[in-house]
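J.: Here it is, the structure in full.
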Amino acid sequence: MPKIVDHEQQKIKVAEAAWRVIRREGIENASVRNVAQEAGISPGSMRHYFSTQAELFSFSMGLVSERVTARLYSLSFDRPMIEVAKDILRELVPLHEDSRSEMEVWLAFVSKSLSEPSLRDHADRVYEELRSAMLLVTKRLVEHGYASERLDIEEEAKRMHVFVDGVALQGLTYPERMPSNEMRKLLDDYVDSLCTKLK
Numbered sequence: 004m005p006k007i008v009d010h011e012q013q014k015i016k017v018a019e020a021a022w023r024v025i026r027r028e029g030i031e032n033a034s035v036r037n038v039a040q041e042a043g044i045s046p047g048s049m050r051h052y053f054s055t056q057a058e059l060f061s062f063s064m065g066l067v068s069e070r071v072t073a074r075l076y077s078l079s080f081d082r083p084m085i086e087v088a089k090d091i092l093r094e095l096v097p098l099h100e101d102s103r104s105e106m107e108v109w110l111a112f113v114s115k116s117l118s119e120p121s122l123r124d125h126a127d128r129v130y131e132e133l134r135s136a137m138l139l140v141t142k143r144l145v146e147h148g149y150a151s152e153r154l155d156i157e158e159e160a161k162r163m164h165v166f167v168d169g170v171a172l173q174g175l176t177y178p179e180r181m182p183s184n185e186m187r188k189l190l191d192d193y194v195d196s197l198c199t200k201l202k
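Here my numbering is used: the sequence shown runs in plain steps of one and ends on residue 202.
Written as structure tokens, this is what we have:
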């Protein structure tokens with residue numbers, strides 16, 4: 004009986020292999036041959052799943068954003084909005100191994116997107132999704148009475164986005180100086196200050 008292979012699951016397996024190569028050796032070494040070896044398949048078999056390296060990178064990049072989005076949607080929203088806001092921001096920084104892995108790979112892809120148009124489109128789309136998420140969090144904090152109605156929601160959402168990106172980047176590049184507990188404290192303190200400073 005021939006073995007039945009789930010095409011989508013195999014693509015995910017290859018994409019995760021690409022993540023491991025990128026984390027270990029850098030994106031410049033994530034060749035089709037190296038990724039195939041990491042995934043335990045032949046380079047020729049790779050063509051069944053990805054016709055080009057750019058296609059592999061695009062899928063792998065998309066998988067990162069899908070997993071972050073899935074975690075955000077799994078959060079419970081049936082509780083005080085200030086708690087929801089803190090948990091949303093925590094999911095956007097490398098507080099645990101899964102998020103660290105995803106963000107290291109994401110940073111490599113975003114750097115690569117500066118010279119690869121197919122990746123740039125995806126990076127821009129995720130940037131806009133994050134911007135919209137920050138806008139929604141800020142708006143809901145105001146609507147639920149945690150932040151002042153005088154708050155400039157658009158401007159605060161921009162500050163929130165920049166702040167979270169900065170915490171995430173330092174957490175990735177200087178983990179010994181910006182450990183998980185410090186990242187969590189910075190994010191929680193930011194939300195607390197946002198919800199009290201203008202009242």
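Even glycine gets a Cβ: it sits at the ideal position worked out from N, Cα and C.
Closer than 8 Å is the cut-off here; do at least three beta carbon pairs connect the region 103-114 with the region 51-71?
T.: With a cut-off of 8 Å, the region 51-71 and the region 103-114 count as touching, because enough Cβ pairs lie within range.
J.: Helix or strand or just coil, what does DSSP make of residue 178?
T.: For the purposes of this step, residue 178 is taken as the residue at position 175 of the sequence shown. DSSP places residue 178 in coil when its eight states are reduced to three.
J.: Consult DSSP for residue 203 and reduce its assignment to one of helix, strand or coil.
T.: Residue 203 falls outside the range modelled here, since the chain spans only 4 to 202, and no answer is possible.
J.: Shorter than 7 Å, the distance from the beta carbon of residue 113 to the closest heavy atom of the ligand FMN, or not?
T.: Annotation note on the ligand FMN: not contained in the displayed structure, which lists no ligands.
J.: Quick one, are the C-beta atoms of residue 164 and residue 137 less than 8 Å apart?
T.: Taking the first residue of the sequence shown as position 1, residue 164 is located at position 161. Taking the first residue of the sequence shown as position 1, residue 137 is located at position 134. It is a contact, given that the beta carbons lie within the stated cut-off.
J.: By how many angstroms is the C-alpha of residue 154 removed from the C-alpha of residue 14?
T.: The residue labelled residue 14 in the question sits at position 11 within the sequence shown. The residue labelled residue 154 in the question sits at position 151 within the sequence shown. For residue 14 and residue 154, the distance between alpha carbons rounds to 45 Å.
J.: Do three or more CB pairs link the region 127-143 to the region 164-184 at distances below 8 Å?
T.: Verdict: yes, contact present.
J.: Please classify residue 73 as buried or exposed, where buried requires at least 16 other C-beta atoms within 10 Å of its C-beta.
T.: In the sequence shown, the residue the question calls residue 73 occupies position 70. Residue 73 comes out exposed.
J.: Assuming residue 153 is part of the alpha helix (DSSP H), what are its boundary residues?
T.: On the sequence shown, position 150 is the one that residue 153 refers to. Note, residue 153: premise wrong, no alpha helix (DSSP H); not H, not E.
J.: Along the chain, where does the alpha helix (DSSP H) that runs through residue 247 open and close?
T.: In the structure displayed, the chain extends from 4 to 202; residue 247 sits before or after that span and is not available.
J.: In whole angstroms, give me the CA-to-CA distance for residue 89 and residue 39.
T.: As a first step, residue 89 must be located in the sequence shown, where it is residue number 86. As a first step, residue 39 must be located in the sequence shown, where it is residue number 36. Distance between the alpha carbons of residue 89 and residue 39 is about 39 Å.
J.: Just checking my contact of residue 150 with residue 197 at CB under 8 Å: how many whole Å lie between their CB atoms?
T.: Residue numbering aside, residue 150 sits at position 147 when the sequence shown is read from its first letter. Residue numbering aside, residue 197 sits at position 194 when the sequence shown is read from its first letter. The Cβ separation is near 6 Å, so the contact holds.
J.: Buried or exposed for residue 190, please, with buried defined as at least 16 other CB atoms from any protein chain shown within 10 angstroms of its CB.
T.: For the purposes of this step, residue 190 is taken as the residue at position 187 of the sequence shown. Buried, by the Cβ-count rule.
J.: Taking the alpha carbon of residue 30 as the reference point, which residue from 10, 49, 63 and 48 has its own alpha carbon closest?
T.: As a first step, residue 30 is located in the sequence shown; it is residue number 27 there, counting from the start. If we check each option's Cα against that of residue 30, 63 comes out closest.
J.: Under three-state DSSP, which class holds residue 14?
T.: Translated into the one-based positions of the sequence shown, residue 14 becomes position 11. Residue 14 falls in the helix class under three-state DSSP.
J.: Note down, in chain order, each residue of its chain lying with its Cβ closer than 8 Å to the Cβ of residue 115, except the 5 sequence neighbours on either side.
T.: The count along the sequence shown starts at 1 and reaches residue 115 at position 112. Hits under 8 Å: 30, 60 and 122.
J.: State the start and end residues of the unbroken alpha helix (DSSP H) segment that holds residue 72.
T.: As a working mapping, residue 72 is identified with position 69 in the sequence shown. It spans 56-76 - the alpha helix (DSSP H) in which residue 72 sits, taken as one unbroken run.
J.: Is the CB-CB distance between residue 87 and residue 171 below 8 Å?
T.: Counted from its first residue, the sequence shown places residue 87 at position 84. Counted from its first residue, the sequence shown places residue 171 at position 168. For residue 87 and residue 171, no; Cβs fall outside 8 Å.
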